[in-house]
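Take a look at the structure below.
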Amino acid sequence: MPFQHEVDFRIYGEEMQCVEIELDPREAVVAETGSFMFMEDGVEMETILGDGRPQGLWGQLMSVGKRVLTGESLFLAVFTNHAAHKRRVTFAAPYAGKIVALHLQQLGGCIICQKDAFLCAAKGVSIDIALQRRLGTGLFGGEGFIMQKLEGDGMAFLHAGGHILERTLAPGEVLRIDTGCIVAYTQEVDFDIQMVRGIKNVLFGGEGFFYAVLRGPGKVWLQSLPVSRLASRILQYGSGRRREEGSILGGLGNLLDGDG
Numbered sequence: 714m715p716f717q718h719e720v721d722f723r724i725y726g727e728e729m730q731c732v733e734i735e736l737d738p739r740e741a742v743v744a745e746t747g748s749f750m751f752m753e754d755g756v757e758m759e760t761i762l763g764d765g766r767p768q769g770l771w772g773q774l775m776s777v778g779k780r781v782l783t784g785e786s787l788f789l790a791v792f793t794n795h796a797a798h799k800r801r802v803t804f805a806a807p808y809a810g811k812i813v814a815l816h817l818q819q820l821g822g823c824i825i826c827q828k829d830a831f832l833c834a835a836k837g838v839s840i841d842i843a844l845q846r847r848l849g850t851g852l853f854g855g856e857g858f859i860m861q862k863l864e865g866d867g868m869a870f871l872h873a874g875g876h877i878l879e880r881t882l883a884p885g886e887v888l889r890i891d892t893g894c895i896v897a898y899t900q901e902v903d904f905d906i907q908m909v910r911g912i913k914n915v916l917f918g919g920e921g922f923f924y925a926v927l928r929g930p931g932k933v934w935l936q937s938l939p940v941s942r943l944a945s946r947i948l949q950y951g952s953g954r955r956r957e958e959g960s961i962l963g964g965l966g967n968l969l970d971g972d973g
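Position 102, counted from 1, in the sequence shown is what the working numbering calls 815; the numbers after and before it change by one each time, with no gaps.
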C-alpha cells in the first residue's frame with residue numbers, strides 16, 4: 714500500500730462548510746478540481762491525471778478511464794507544502810450540505826461513496842471506481858450504480874447535501890433507501906436493489922420504482938438532500954409549474970405568489 718500523508722484538519726461553517734487542512738513540510742493533499750478555496754504561502758498546486766499514485770503509464774490511463782465513467786474531471790489537484798513549517802489549504806463544499814471526515818484506517822481501509830461525494834483526501838489514498846456486481850443493481854440502481862472506492866489508511870473528506878446521518882448496521886440489519894440519499898458505506902455492507910411494492914405506490918408515490926437495500930454489518934452515511942433532488946426542485950420552481958402538495962388551491966396559490 715502506498716505511503717499515506719497524515720493531515721490535521723478543521724471543518725468550518727454550518728450549511729455552507731469548508732475544511733481547512735494543515736500540512737507539515739512535504740505533506741500533500743489531493744482534491745477534486747474546483748473545490749479549492751485558498752492556501753497559505755508555501756503551498757503549491759499541481760494538476761495531475763488520476764489520483765497521483767505511482768502506477769506507470771498504463772495505470773494512469775486506466776485511472777483516467779475510470780474517472781470518465783464516474784463523470785468526474787480527468788484531473789485532480791495536489792497541494793503540497795514546500796515551506797519549512799506548517800501551512801494550510803482550504804477546500805469549500807460545492808453546495809449547501811455537510812462535510813464528513815473519515816479515517817480510512819478505522820473503517821477497514823476502504824469505503825464506497827457516491828461518485829460526486831469525494832472532496833479531498835490525504836495524498837496516497839486510492840480513488841477508484843466501484844461497479845455494482847449484481848445485474849439488477851446495475852440496470853436499476855440509478856445514482857447508486859457507478860460509485861467511487863476510496864482505499865488507504867489516511868483521511869478522506871466527503872461532501873453531501875442537507876444533513877448527513879451516520880448509521881451502524883448490525884449483521885443482517887436492513888435499510889431501504891432512496892438511491893440518491895446514499896453518501897457512502899463500508900465495504901462489508903451488502904448493496905442491492907428492491908422494487909417498490911404496490912401499484913399505487915409505484916404510480917403515485919413519487920419515489921420511483923426502486924429502493925436501494927443496504928444490509929449490515931457495517932457503517933452507512935446518508936444525506937437528506939441529494940443534489941439531483943435539489944436541482945429538480947429548482948427547475949420545478951423556475952418553470953412556474955409548482956406542485957402544491959395537499960392543496961386544492963395550487964393554481965391560485967401560484968398566482969398569489971406571483972408565479973402565475
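We put the CB at the ideal spot given by N, CA and C, even for glycine.
The structure presented is a predicted model; accordingly, all values stated were derived computationally and were not measured.
DSSP state of residue i mapped onto helix, strand, coil
i: residue 814; result: strand
i: residue 821; result: coil
i: residue 839; result: strand
i: residue 850; result: Note that residue 850 has pLDDT 48, beneath the 50 cutoff, so the model's placement of it is unreliable and no number is given.
i: residue 808; result: coil
i: residue 944; result: helix
i: residue 936; result: strand
i: residue 949; result: helix
i: residue 796; result: coil
i: residue 834; result: strand
i: residue 885; result: coil
i: residue 844; result: strand
i: residue 914; result: The predicted position of residue 914 is uncertain, since its pLDDT is 48 and thus under 50; a value taken from the coordinates is nonetheless stated next. Residue state, collapsed to three classes: helix.
i: residue 789; result: strand
Straight-line Cα distance separating residue j from residue i
i: residue 942; j: residue 799; result: 40 Å
i: residue 835; j: residue 884; result: 31 Å
i: residue 751; j: residue 792; result: 11 Å
i: residue 756; j: residue 748; result: 16 Å
i: residue 740; j: residue 934; result: 28 Å
i: residue 894; j: residue 936; result: 5 Å
i: residue 857; j: residue 802; result: Confidence at residue 857 is low in this model, with a pLDDT of 49, below 50, so its placement is unreliable and the value that follows should be read with caution. Roughly 31 Å separates the two Cα atoms.
i: residue 886; j: residue 745; result: 34 Å
i: residue 720; j: residue 821; result: 19 Å
i: residue 874; j: residue 728; result: 9 Å
i: residue 829; j: residue 938; result: 13 Å
i: residue 737; j: residue 811; result: 26 Å
i: residue 844; j: residue 817; result: 20 Å
i: residue 866; j: residue 932; result: 17 Å
i: residue 823; j: residue 794; result: 26 Å
i: residue 734; j: residue 908; result: 42 Å
i: residue 945; j: residue 808; result: 15 Å
i: residue 796; j: residue 753; result: 10 Å
i: residue 787; j: residue 924; result: 31 Å
i: residue 948; j: residue 891; result: 20 Å
i: residue 732; j: residue 805; result: 7 Å
i: residue 929; j: residue 903; result: 7 Å
i: residue 760; j: residue 840; result: 15 Å
i: residue 862; j: residue 842; result: 5 Å
Host beta strand (DSSP E) of residue i (start-end)
i: residue 892; result: Neither: residue 892 is in no beta strand (DSSP E) and is coded neither H nor E.
i: residue 882; result: 877 to 882
i: residue 861; result: 859 to 864
i: residue 871; result: 868 to 874
i: residue 720; result: Taken as a continuous stretch (DSSP letters only), residue 720 belongs to no beta strand (DSSP E), as it is neither H nor E.
i: residue 729; result: It is not in any beta strand (DSSP E) - residue 729 carries neither H nor E in the DSSP assignment.
i: residue 902; result: From DSSP, residue 902 is part of no beta strand (DSSP E); its letter is neither H nor E.
i: residue 927; result: 923 to 928
Residue i Cβ short of 7 Å to the ligand PLP heavy atom set
i: residue 829; result: Questions concerning the ligand PLP fall outside what the structure shown contains, since it holds no ligand whatsoever.
Taking only runs that begin and end inside the region 735 to 761, name each unbroken beta strand (DSSP E) of 3 or more residues, in chain order.
You should have 741 to 745 and 749 to 752.
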